[in-house]
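Undergrad:
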Amino acid sequence: ASVISASLGLALRKLVKGAEEMKNLNDIKKAEALFIVAVSWIMFGIISAIPYLFYGLNPLDSMFESVSGITTTGATIITHFDYPKAFFFWRSMTQWLGGLGIIVLFIAILPQFAVAGRQMFFAETPGPTEDKFTPRIRNTASALWKVYSGLTILQVILLTIGGMSLFDAICNSFSTLAAGGFSPNPQSIMGYHSNYITWVVLIFMFFAGASFNLQYKVINKRNPLLFLQNDEFKLYLSLVVGISGLIALALIINNNYSIFDGITHALYQVISLMTSTGSASIDFAQWDFTAKVLLFSSMFLGACASSAGGGIKMTRWFLLFKSLKAELVRILHPNAIINIKMDGVTVAPEVIRQIIIFVIYYFIVFAFGAIVIGIIEHNATIGLSSSITAVGNIGPGFGKIIGPMGGFSSLHAVSKSIMIASMLIGRLEIIPFLVMFEPDFWNFKDN
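Residue numbering for the sequence shown follows my numbering, beginning at 189 and increasing consecutively.
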């Protein structure tokens, strides 16, 4: 462990030293930024795995738990919860640090990274995101972390008011705002048996899945109506309410839930899986087929761009469907000039093309994982849910084995390895890892 730590420490020192020597933003090209970000996350995963080795986990399980933490997936191989508090604090802390991204953290706290921060900032979140909302990238990163930290502190206070111990409140808040899902309680939030705690976590999960850029603007301008002026947030809110409403009806009619319990658990689990948090207020593996199908479909939606959540993201779905609608209009009116807009701003055709490519690659990665894991485990449900929960950074799967009250410890080593790779690929939204397999990528001079 000491040899690994020393080696990685020297590599990080070299990276920082190189950043200090940069004179302008052009010193880091896009290809180099993608490489630095991808390697940084792999190194972060290895470093974070070291403490687990001291608690008796084998190297593969340590890496699984570590990568699940830093990517805020929340899938676990832990089968018992009699570890010391330091173990659970580390699990939650890795999720909190990974929630906004390790590169964004470096840019916020290390001046030398601010010099070349722009390329790495957008390399870490290569999808369609809002433009930087302060004049300097470092200020943008700092503002994001202020919102993130402020919400975390507020949740800790509210959970302790509800009777949760300070330690559990800190761990659960770290995981909630990171959209991670790790909890020191073996039954997740369900284990606290409190409607108050359930609703506090539910609300903060919702905001963890909303754009922190947008939340910063709302706080800065003291205008909550800005939420309803944002196309992505309106889609996010509409889908949460719509899918939760359908599941609540299924729970009330088919599962004999009370109206309050049906609404509470439907909202909680839809928000949990849409935002890729993966926390559980109930064992949804016991729900009827209709409710489970609706809940499973929500795993493909994702949170908002510039949030801690994972998945395909609301922005992509919004623009994808507007693009499909525009194509239908062009079929009827071939000469029509149609501009696709979001928040009143025309979106370039290149952005739409990139979204289509991303979604195709996303489902290719998902399908590959689902098929291979399904074959290895001789179980299609495990294959499908393991793959989507990994690439979407969601957490629990479906079924008794890997459901919300289960875990991934019994999976084959190859299945775990595929999930580790999928978690990293999904966290960096596929592109930084896939471009590294292109021969031209390694020709930095041309890039």
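Glycine included, each C-beta is placed from N, C-alpha and C at the ideal position.
#1: For Thr577 and Gly585, which I take to be in contact (beta-carbon distance under 8 Å), what is that distance rounded to the nearest angstrom?
#2: Give the DSSP-derived three-state secondary structure of Thr534 in the structure shown.
#3: So, using beta-carbon positions, are Thr264 and Ser236 closer together than 9 Å?
#4: If you run the structure through DSSP and keep just helix, strand and coil, what is Lys588?
#5: Please list the terminal residues of the continuous alpha helix (DSSP H) segment that includes Gln403.
#6: What do you get for Lys409, buried or exposed, if any count of 16 or more other CB atoms within 10 angstroms of its CB means buried?
#7: Taking three-plus beta-carbon pairs below 8 Å as touching, is the stretch 557-565 in contact with the stretch 586-604?
#8: Any contact between the stretch 450-457 and the stretch 381-400? By contact I mean 3 or more CB pairs, one from each, below 8 Å.
#9: Just to check my reading of the structure: Phe395 and Ser280 have Cβ atoms closer than 8 Å, yes? What is that Cβ distance to the nearest angstrom?
#10: Round the Cβ separation of Ile582 and Thr261 to the nearest angstrom and send it over; I've been treating them as touching at under 8 Å.
#11: Just to confirm the assignment, what range does the alpha helix (DSSP H) spanning Pro272 have?
#12: To the nearest angstrom, how far is the alpha carbon of Met530 from that of Gly368?
#13: Helix, strand or coil, according to DSSP, for Glu209 in the structure here?
#14: Please check the pair Ala558 and Ser495, which I expect to be a contact at CB under 8 Å, by giving their CB distance rounded to whole angstroms.
#15: Residues in the same chain with beta-carbon distance under 6 Å from Pro627, minus the five sequence neighbours each way, listed in chain order, please.
#16: Is it buried or exposed for Thr503, if we count other Cβ within 10 angstroms and need 16 for buried?
#17: Would Thr267 be called buried (16 or more neighbouring beta carbons within 10 Å of its own) or exposed?
#18: Tell me the DSSP secondary structure of Ala302 in three-state form.
#19: Have a look at Met352, Phe472, Arg615 and Leu572 and flag the residue whose alpha-carbon is nearest the alpha-carbon of Asn443.
#20: Should Ile540 and Leu489 be called a contact, given that it needs their Cβ atoms to be closer than 9 Å?
#21: Looking at Phe575: is its Cβ nearer than 9 Å to the Cβ of Phe546?
#22: State the start and end residues of the unbroken alpha helix (DSSP H) segment that holds Pro620.
#23: Is it buried or exposed, Phe448, if we count other Cβ atoms within 10 angstroms and call 16 or more buried?
#24: Looking at the structure shown, is Lys529 part of a helix, part of a strand, or coil, going by DSSP?
#25: Where Leu245 and Thr534 are concerned, what is the direct C-alpha to C-alpha distance, given to the nearest angstrom?
#26: Counting C-beta neighbours from all protein chains within 10 Å, is the total for Pro620 16 or more, i.e. buried, or is it exposed?
#27: Have a look at Ile618 and Asn411 and give me their C-alpha separation to the nearest angstrom.
#28: Taking Cβ positions, are Ser382 and Gly351 nearer each other than 9 Å?
#29: Nearest to Leu482 by CA position, among Gly466, Leu434, Tyr549 and Glu253, is which residue?
TA: In short, the structure shows the following:
#1: 5 Å
#2: strand
#3: no
#4: coil
#5: Phe400 to Lys409
#6: exposed
#7: yes
#8: yes
#9: The Cβ separation is near 18 Å, so there is no contact.
#10: 7 Å
#11: Per DSSP, Pro272 belongs to no alpha helix (DSSP H) and is neither H nor E.
#12: 29 Å
#13: In this prediction, Glu209 scores a pLDDT of 49, lower than 50, which makes its location untrustworthy; no coordinate-derived value is stated.
#14: Not a contact, Cβ separation roughly 25 Å.
#15: none
#16: buried
#17: exposed
#18: In this prediction, Ala302 has a pLDDT of 48, which is less than 50 and means its spatial position is unreliable; nothing more can be read from the coordinates.
#19: Phe472
#20: no
#21: First, the amino acid is wrong: residue 575 is Ser here, not Phe. No, the Cβ-Cβ distance between Ser575 and Phe546 is not below 9 Å.
#22: Ile619 to Leu622
#23: exposed
#24: strand
#25: 51 Å
#26: buried
#27: 35 Å
#28: yes
#29: Leu434
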